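> Numbering (our numbering) for the sequence shown: 1352 to 1541.
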Amino acid sequence: MAARVRALETILTQKGLIDPLAIDAIVETYETKVGPRNGAKVVAKAWSDPEFSEWLKRDATAAIASLGFTGRQGEHMQAVFNTADTHNLVVCTLCSCYPWSVLGLPPVWYKSPPYRSKAVIDPRGVLAEFDLFLPESTKIRVWDSTSELRYLVVPLRPEGSDGLGEEQLVNLVTRNSMIGTGLALTPVRK
Ligand code: FE
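(1) Report the three-state DSSP secondary structure of Leu1503 (helix, strand or coil).
(2) Quick one: what's got a C-beta closer than 8 angstroms to Asp1436's C-beta in the same chain, skipping five residues either side?
(3) Evaluate Phe1484 with the Cβ neighbour count: other Cβ atoms within 10 Å of its Cβ, from every protein chain shown; 16 or more gives buried, anything less gives exposed.
(4) Who are Trp1494's beta bridge partners in DSSP?
(5) Hey, Ala1395 and Leu1536 are a contact pair by Cβ (cut 8 angstroms); roughly how many whole angstroms apart?
(6) Could you pull out every unbroken beta strand (DSSP E) segment of at least 3 residues lying fully inside the segment 1384-1442, listed in chain order?
(7) Near the ligand FE, which residues have their beta-carbon closer than 7 angstroms to a heavy atom?
(8) Rank Asp1375, Ser1528, Asn1522, Pro1450 by C-alpha distance to the C-alpha of Gln1495 and give the top, closest one.
(9) Are Trp1398 and Ser1528 closer than 9 angstroms when you measure CB to CB?
(10) When the distance is taken between beta carbons, is Leu1440 closer than 9 angstroms to Val1504?
(11) Whose CA, out of Val1431, Pro1371, Pro1401, Lys1392, lies closest to the CA of Leu1500?
(12) Just verifying my parser: in three-state terms, what is the DSSP assignment at Ala1535?
(13) Is the Cβ-Cβ distance between Gly1476 and Asn1389 less than 9 angstroms?
(14) What number of angstroms, rounded off, separates the C-alpha of Tyr1466 from the C-alpha of Ile1472?
(15) In three-state DSSP terms, what is Ser1512?
(16) Nearest-angstrom Cα distance between Ser1463 and Val1385?
(17) Do Ser1542 and Thr1444 have their CB atoms nearer than 9 angstroms?
(18) So is His1438 buried or exposed if we call it buried at 16+ other beta carbons inside 10 Å?
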């Protein structure tokens, strides 16, 4: 794969269709500047600010853009909220569509055929592989991403986080909790 990418990049550069420096800048941006911390800020704000939470439910694209997170692979967003009885899980069964603007680049497993097929056939089994065991009574809803629509899971605000401000809440929001293969972290009591 790496050799094919290199060959393709060489040909496109020779034909003058791409500028390698521009490609490097894009890759560098998504590797170092855009990452799951953006999404964590969205979730922390939704937990702290009911009005923002409503907006996020109604029009995730606009609510997320208001925090400055826009761009490629984040043009049309939908936020799916976990509740006491429903857990949401995101997959792209066709390829690897992922909300880059809020989560950065997808983890390798997200693009793997086993995850993509098993997430829809046996979501509970997939969650078990991530050491996530939900009560049998919890409904698992699977969302299949497309190039037009990307999903962000808003995990449940963890118990014991009542007194925390947005800045501290951000640290409880893991990448996997925003894909649905994990939960938000429980704050450590001091
Ligand atoms: Fe895809």
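Cβ atoms here follow ideal geometry from the backbone N, Cα and C, with glycine treated the same way. Here the structure is a predicted model, which is why all the values come from computation and not from measurement.
In brief:
(1) Here residue 1503 is taken as the residue at index 152 of the sequence shown, counted from 1. Leu1503 falls in the strand class under three-state DSSP.
(2) Stepping through the sequence shown from its first residue, residue 1436 is reached at position 85. Result list for Asp1436: Ser1488, Thr1489, Lys1490, in chain order.
(3) Mapped onto the sequence shown, residue 1484 falls at position 133. By the Cβ neighbour-count rule, Phe1484 is exposed, with fewer than 16 other Cβ atoms within 10 Å of its own.
(4) Position 143 of the sequence shown, counted from the start, is the residue given in the question as residue 1494. DSSP output for Trp1494 lists Val1441 as bridge partner(s).
(5) One-based indexing of the sequence shown puts residue 1395 at position 44. One-based indexing of the sequence shown puts residue 1536 at position 185. Cβ atoms of Ala1395 and Leu1536 stay farther apart than 8 angstroms, at about 12 angstroms.
(6) Along the segment 1384-1442, the beta strand (DSSP E) occurs as fully enclosed runs of 3 or more residues at 1428-1432, 1437-1442, listed in sequence order.
(7) Counting only beta-carbon distances shorter than 7 angstroms to the non-hydrogen atoms of the ligand FE, the qualifying residues in chain order are Cys1443, Leu1445, Cys1446, Ser1447, Cys1448, Ser1496, Thr1497, Ser1498.
(8) Taking the first residue of the sequence shown as position 1, residue 1495 is located at position 144. First, the amino acid is wrong: residue 1495 is Asp here, not Gln. Out of Asp1375, Ser1528, Asn1522, Pro1450, Pro1450 has the C-alpha closest to the C-alpha of Asp1495.
(9) Taking the first residue of the sequence shown as position 1, residue 1398 is located at position 47. Taking the first residue of the sequence shown as position 1, residue 1528 is located at position 177. No, Cβ-Cβ distance for Trp1398 and Ser1528 is not below 9 angstroms.
(10) Locating residue 1504 in the sequence shown gives position 153, counting from the first residue. Locating residue 1440 in the sequence shown gives position 89, counting from the first residue. The Cβ atoms of Val1504 and Leu1440 lie closer than 9 angstroms to each other.
(11) Position 149 of the sequence shown, counting from 1, holds the residue named residue 1500. The candidate whose alpha carbon is nearest that of Leu1500 is Val1431.
(12) As a working note, residue 1535 is residue 184 in the sequence shown. Correct three-state label for Ala1535: coil.
(13) The count along the sequence shown starts at 1 and reaches residue 1476 at position 125. The count along the sequence shown starts at 1 and reaches residue 1389 at position 38. In this structure, Asn1389 does not lie closer than 9 angstroms to Gly1476 by Cβ.
(14) As a working note, residue 1466 is residue 115 in the sequence shown. As a working note, residue 1472 is residue 121 in the sequence shown. Rounded to the nearest angstrom, the two C-alpha atoms are 10 angstroms apart.
(15) As a position in the sequence shown, residue 1512 is number 161, starting the count at 1. Of the three classes helix, strand and coil, the one that applies to Ser1512 here is coil, per DSSP.
(16) Locating residue 1463 in the sequence shown gives position 112, counting from the first residue. Locating residue 1385 in the sequence shown gives position 34, counting from the first residue. If I take the Cα positions, the gap works out to 22 angstroms.
(17) Because the chain is modelled from 1352 through 1541, residue 1542 falls outside the range shown and cannot be assessed.
(18) As a working note, residue 1438 is residue 87 in the sequence shown. Label assigned to His1438: buried.
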